[in-house]
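Enquirer: In the working numbering, the protein residues as written are 207 to 645. Backbone N, C-alpha and C fix where the C-beta goes; we use that ideal spot for every residue, glycine too. Here it is, the structure, as structure tokens.
What follows is the structure, encoded as structure tokens:
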């Protein structure tokens, strides 16, 4: 009697891949039906959905996860990692028998609906372990952090972050994806902790902004002094490690080769100035603006974004106008915030941040007076000098200034400010057209 030769892990991987493709294409699916369940009163009801698994997706998942686990024990980490990836990212279609609607669920949903019994914590750990063993840097980290936005990797993601070198820039992405997973699960504490770790690895203004607006405990500006100090200390340690060696290698060589994601991130002056702004430090922002002594030639200098920053700090309205939206666009670009991993839009985070910033009334009035002077000078220099390509900049700043004045209590502040400029340059039709855009 012949014995059946055991199949290799690669053969099982091929079978698993074919099965996953059929699931993804809807050839293999779940079915569902719903009904209204009533409580003690007829108006006290809830919609209940029940699922059936006629094609035995649950048992097949359980079997394939066992095969992946065995591949880990047999040290075939490449096959194991691919099995875990295909299963962990699987989208399973559910067909509503009554309505005909199609919905999707993932592995976590299958477990929560009791369609399959799986140890998700163990699966998450073995997934990351197999990837760690199968791939070298930097590919290893790319594959690792691609899982951290999924729910089952929430806790494992934080554990992995603690084990990763804080000085690697790529750790920032892993931390933010872990924060996304925690947010999806309603775990604000874990999300806040992950975002703080992102800032430690990549201390940009954008990451600081994320921490300030994550809504977690101990994430206000006054609470983050220790975090800023930690990030600064890590930067100082990097500087010491990367100083030029006697043989001329080390720090200098870092700039003469292509940077890698596993390199440490070096905080820039732009990062630091953005953080001063987010801390509501008007004096520091204004001091940096005043380094530019002329009303022209602002391009590429901090004052071009610094003045909009100060206007935003003073503004007390909802930032819905075209001029103030333009101001926010400048700020978003300067701090480098991009909506990734299902993050909130910039405006939503910004309005949360704005509530945290408190500037004394006397300081606001003094700053407004200084801004009015410098913006008047810029409008005069641009329009009076017939710099037609920059008329839109003058119109935008003038309109934003007027809106800030009005938001701070000046009646008809915007109209008065704009009429002032129109009266000053009555023959500049191109400038008038730009001004009308903000009326």
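Exposed or buried, which one is residue 366 when buried takes at least 16 other CB atoms within 10 Å?
Expert: Its Cβ being crowded by 16 or more others within 10 Å, residue 366 is buried.
Enquirer: Would the segment 594-609 and the segment 574-585 be scored as touching if the rule is three or more Cβ pairs under 8 Å?
Expert: At 8 Å Cβ cutoff, the stretches touch.
Enquirer: Are the segment 554-562 and the segment 382-393 touching by the rule of at least three beta carbon pairs closer than 8 Å?
Expert: Verdict: no, contact absent.
Enquirer: Rounded to whole angstroms, what's the CA-CA distance from residue 502 to residue 588? Just pull it up for me.
Expert: Cα-Cα distance, rounded: 7 Å.
Enquirer: Taking the alpha-carbon of residue 564 as reference, which of 536, 520, 572 and 614 has the nearest alpha-carbon?
Expert: The shortest C-alpha separation from residue 564 is found at 520.
Enquirer: Shortest alpha-carbon distance to residue 341 belongs to which of 288, 496 and 418?
Expert: Residue 341 has its Cα closest to that of 288, out of 288, 496 and 418.
Enquirer: Of all the beta strand (DSSP E) runs that stay within the bounds of the segment 483-528, which reach a length of 3 or more residues?
Expert: List check, beta strand (DSSP E) in window: nothing returned.
Enquirer: Which parts of the segment 279-319 are runs of the beta strand (DSSP E), unbroken and 3 residues or longer, counting only runs that do not cross its ends?
Expert: Correct list: 298-302 and 308-311.
Enquirer: Residue 516 and residue 488 look like a contact to me (Cβ under 8 Å); what is the Cβ gap, rounded to whole Å?
Expert: That belief holds up - the Cβ atoms of residue 516 and residue 488 are roughly 7 Å apart, short of 8 Å.
Enquirer: For residue 383, count neighbouring Cβ atoms within 10 angstroms of its own Cβ and tell me buried if that reaches 16, exposed if not.
Expert: It is buried - the Cβ of residue 383 has at least 16 other Cβ atoms within 10 Å.
Enquirer: Rounded C-beta distance between residue 432 and residue 471? I'm assuming under 8 Å.
Expert: In fact, because the Cβ distance is near 20 Å, the residues do not count as touching under 8 Å.
Enquirer: Measure the alpha-carbon distance for residue 636 versus residue 613 and round it to whole angstroms.
Expert: Going by the C-alpha atoms only, they are around 28 Å apart.
Enquirer: Compute the Euclidean distance between the alpha carbons of residue 529 and residue 544, then round it to the nearest angstrom.
Expert: Rounded to the nearest angstrom, the two C-alpha atoms are 21 Å apart.
Enquirer: According to DSSP, is residue 255 part of a helix, a strand, or is it coil?
Expert: If DSSP states are grouped into helix, strand and coil, residue 255 belongs with the strands.
Enquirer: Using only the alpha-carbon positions, how far apart do residue 469 and residue 549 sit?
Expert: Each residue's Cα considered, the two are about 25 Å apart.
Enquirer: Check whether the Cβ atoms of residue 381 and residue 403 lie closer than 8 Å to each other.
Expert: Yes, the pair counts as a contact, with Cβ atoms nearer than the cut-off.
Enquirer: Output needed for residue 216: all residues of its chain with C-beta closer than 7 Å, excluding positions within five of it in sequence on either side, in chain order.
Expert: Excluding residues within five positions, the ones whose Cβ falls inside 7 Å are 285.
Enquirer: Once DSSP output is grouped into helix, strand and coil, what is the label at residue 238?
Expert: Three-state result, residue 238: strand.
Enquirer: CB residue 416 to CB residue 401, shorter than 8 Å?
Expert: For residue 416 and residue 401, yes; Cβs fall inside 8 Å.
Enquirer: With distances taken Cα to Cα, identify the nearest neighbour of residue 358 among 420, 500, 293 and 376.
Expert: Nearest option by C-alpha distance: 293.
Enquirer: Quick one: does the C-beta of residue 217 sit closer than 7 Å to a heavy atom of the ligand MN?
Expert: Absence of the ligand MN is noted for the structure shown, with no ligands found whatsoever.
Enquirer: Go through the segment 327-397 residue by residue and report every complete run of the alpha helix (DSSP H) that reaches 4 residues or more, in order.
Expert: Correct list: 345-351, 360-369 and 377-390.
Enquirer: Check the C-beta distance from residue 411 over to residue 477 and give it rounded, since I have them as a contact under 8 Å.
Expert: So it is a contact: roughly 5 Å between Cβ atoms.
Enquirer: With 16 as the cutoff for other CB atoms within 10 Å, does residue 213 come out buried or exposed?
Expert: With fewer than 16 Cβ atoms within 10 Å of its Cβ, residue 213 is classed as exposed.
Enquirer: Quick test of your reading: residue 235 and residue 300, contact by CB under 8 Å. State the CB separation rounded to the nearest angstrom.
Expert: Right, their Cβ atoms sit about 7 Å apart.
Enquirer: Closest to residue 538 by CA distance: which of 255, 363, 481 and 591 is it?
Expert: It is 481.
Enquirer: Along the chain, where does the alpha helix (DSSP H) that runs through residue 631 open and close?
Expert: Note, residue 631: premise wrong, no alpha helix (DSSP H); not H, not E.
Enquirer: Can you give me the start and stop residues for the alpha helix (DSSP H) that residue 568 sits inside?
Expert: Taken as a continuous stretch (DSSP letters only), the alpha helix (DSSP H) holding residue 568 covers 567-590.
Enquirer: Taking only three categories from DSSP, how would you classify residue 460?
Expert: In this prediction, residue 460 scores a pLDDT of 47, lower than 50, which makes its location untrustworthy; the coordinate-derived value is nonetheless stated afterwards. Helix.
Enquirer: Starting from residue 547 and walking both ways along the alpha helix (DSSP H), at which residues does that stretch end?
Expert: Per DSSP, residue 547 belongs to no alpha helix (DSSP H) and is neither H nor E.
Enquirer: On a CA-only basis, which of 260, 298 and 238 is nearest residue 227? Give me that one, please.
Expert: Here the closest residue by C-alpha is 298.
Enquirer: Helix, strand or coil: which one does DSSP assign to residue 641?
Expert: Residue 641: helix per DSSP, three-state reduction.
Enquirer: Are the beta-carbon atoms of residue 608 and residue 622 separated by less than 8 Å?
Expert: It is a contact, given that the beta carbons lie within the stated cut-off.
Enquirer: DSSP state of residue 475, grouped into three classes?
Expert: Helix, per DSSP.
Enquirer: Looking at C-beta atoms only, is the number of pairs between the segment 269-281 and the segment 253-261 that lie closer than 8 Å three or more?
Expert: Contact between the segment 269-281 and the segment 253-261 is absent, because fewer than three Cβ pairs lie under 8 Å.
Enquirer: Figure out for me which residue from 645, 414, 560 and 620 has the closest Cα to the Cα of residue 542.
Expert: Closest option to residue 542, Cα to Cα, is 414.
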